[in-house]
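Asks: In our numbering, the protein residues as written are 70 to 303.
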């Protein structure tokens with residue numbers, strides 16, 4: 070069985086494309102079958118050659134990566150997209166996940182890591198840069214996009230909470246202390262404090278008040294009885 074991974078590179082920077090091609094050429098299970106410098110060339114390349122993985126610059130001239138991804142998705146092409154990004158721009162990279170990207174990697178990343186990312190994405194897995202603060206959100210959006218033909222709408226950070234954490238957040242929003250929450254859930258105040266700290270980190274808030282406000286905003290947007298829609302089980 071042929072284990073060669075067929076690759077295409079879409080980046081406006083000629084030097085970067087040439088450098089990548091040389092590096093990828095030296096990897097025995099990689100084969101670069103095409104390259105593109107703009108959106109039209111990229112879509113044509115993918116339609117005609119159907120590479121296994123497309124290394125796609127997040128910001129091609131005159132267009133972002135998302136419209137190209139949507140064209141690939143609408144035609145149900147088998148190519149998997151790995152986004153190349155100069156900066157960890159959270160909004161744009163998450164939009165790429167919503168449009169079906171299977172991973173993203175910063176252009177400053179060592180080549181050995183890029184090679185690993187390509188292999189993982191080619192196998193249908195999701196690759197994220199764990200050093201960025203939104204890796205979990207990207208993975209969640211990318212997973213949703215892979216199981217739906219619809220483009221995933223805006224995600225709430227509450228999606229990152231476990232059921233236990235969401236239960237604790239609800240009690241925090243009701244003004245209960247760690248001691249009160251511990252008694253209600255039959256755990257120690259120290260355990261509640263640890264959960265609360267994890268909640269604040271995931272929601273990117275500084276304190277109980279900010280966490281409670283975020284929960285109330287989500288309830289207002291999605292409905293009081295629908296917070297479970299935002300959960301990922303522990």
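Where is the CB? At the ideal position from N, CA and C, for every residue including glycine.
Small disclaimer: the values here were computed from a predicted structure and weren't measured.
Could you pull the start and end residues of the beta strand (DSSP E) that residue 77 belongs to?
Replies: Residues 74-79.
Asks: Leaving aside the five residues before and after residue 180 along the sequence, list all residues of the same chain whose C-beta is less than 8 Å from its C-beta, in chain order.
Replies: Here the set comprises 92.
Asks: Taking 7 Å as the threshold (C-beta atoms), are residue 76 and residue 120 in contact?
Replies: A contact, by the Cβ cut-off of 7 Å.
Asks: What does the Cβ neighbour count give for residue 285, buried or exposed, with the cut at 16 atoms within 10 Å?
Replies: So residue 285 counts as exposed.
Asks: How many whole angstroms separate the CB atoms of residue 127 and residue 162, which I take to be in contact at a CB cut-off of 8 Å?
Replies: Confirmed, Cβ separation roughly 7 Å.
Asks: What are the boundary residues of the alpha helix (DSSP H) that residue 315 is part of?
Replies: Only positions 70 to 303 of the chain appear in this structure, which leaves residue 315 out of reach.
Asks: State the start and end residues of the unbroken alpha helix (DSSP H) segment that holds residue 140.
Replies: Unbroken alpha helix (DSSP H) run through residue 140: 134-143.
Asks: Grab me the residues of residue 230's own chain with a C-beta within less than 7 Å of its C-beta, minus the 5 sequence neighbours each way, in chain order.
Replies: Hits under 7 Å: 238, 268, 271 and 300.
Asks: Helix, strand or coil: which one does DSSP assign to residue 197?
Replies: Reduced to three states, the DSSP call for residue 197 is coil.
Asks: Over the uninterrupted beta strand (DSSP E) stretch that includes residue 108, give me the two end residues.
Replies: Counting along the chain, residue 108 falls outside any beta strand (DSSP E), though it belongs to the alpha helix (DSSP H) covering 108-118.
Asks: Have a look at residue 174 and residue 249 and give me their C-alpha separation to the nearest angstrom.
Replies: Their backbone Cα atoms lie some 44 Å apart in a straight line.
Asks: Which residue or residues does DSSP assign as beta-bridge partners of residue 149?
Replies: Beta-bridge pairing links residue 149 to 122.
Asks: In terms of residues, what are the limits of the beta strand (DSSP E) holding residue 227?
Replies: Run containing residue 227: none; DSSP gives neither H nor E here.
Asks: Just tell me which of 74, 146 and 101 has its CA closest to the CA of residue 87.
Replies: For the residues 74, 146 and 101, the minimum Cα distance to residue 87 belongs to 101.
Asks: Where DSSP assigns a beta bridge to residue 100, which residues make up the other side?
Replies: In DSSP, residue 100 forms a bridge with 75.
Asks: Tell whether a beta-carbon distance below 7 Å holds between residue 247 and residue 258.
Replies: In contact: residue 247 and residue 258 (Cβ atoms closer than 7 Å).
Asks: On the premise that residue 129 lies in contact with residue 107, defined as a C-beta separation below 8 Å, what is that separation, rounded to the nearest angstrom?
Replies: Indeed, because the Cβ distance is near 6 Å, the residues count as touching under 8 Å.
Asks: Rounded to the nearest angstrom, what separates residue 172 and residue 205 at their Cα positions?
Replies: Their backbone Cα atoms lie some 12 Å apart in a straight line.
Asks: Under three-state DSSP, which class holds residue 105?
Replies: Looking at residue 105 - three-state DSSP - the assignment turns out to be strand.
Asks: Using 8 Å for Cβ pairs, my map puts residue 151 next to residue 186. What's the rounded Cβ distance?
Replies: Yes, they are in contact, since the Cβ atoms of residue 151 and residue 186 sit about 6 Å apart, within 8 Å.
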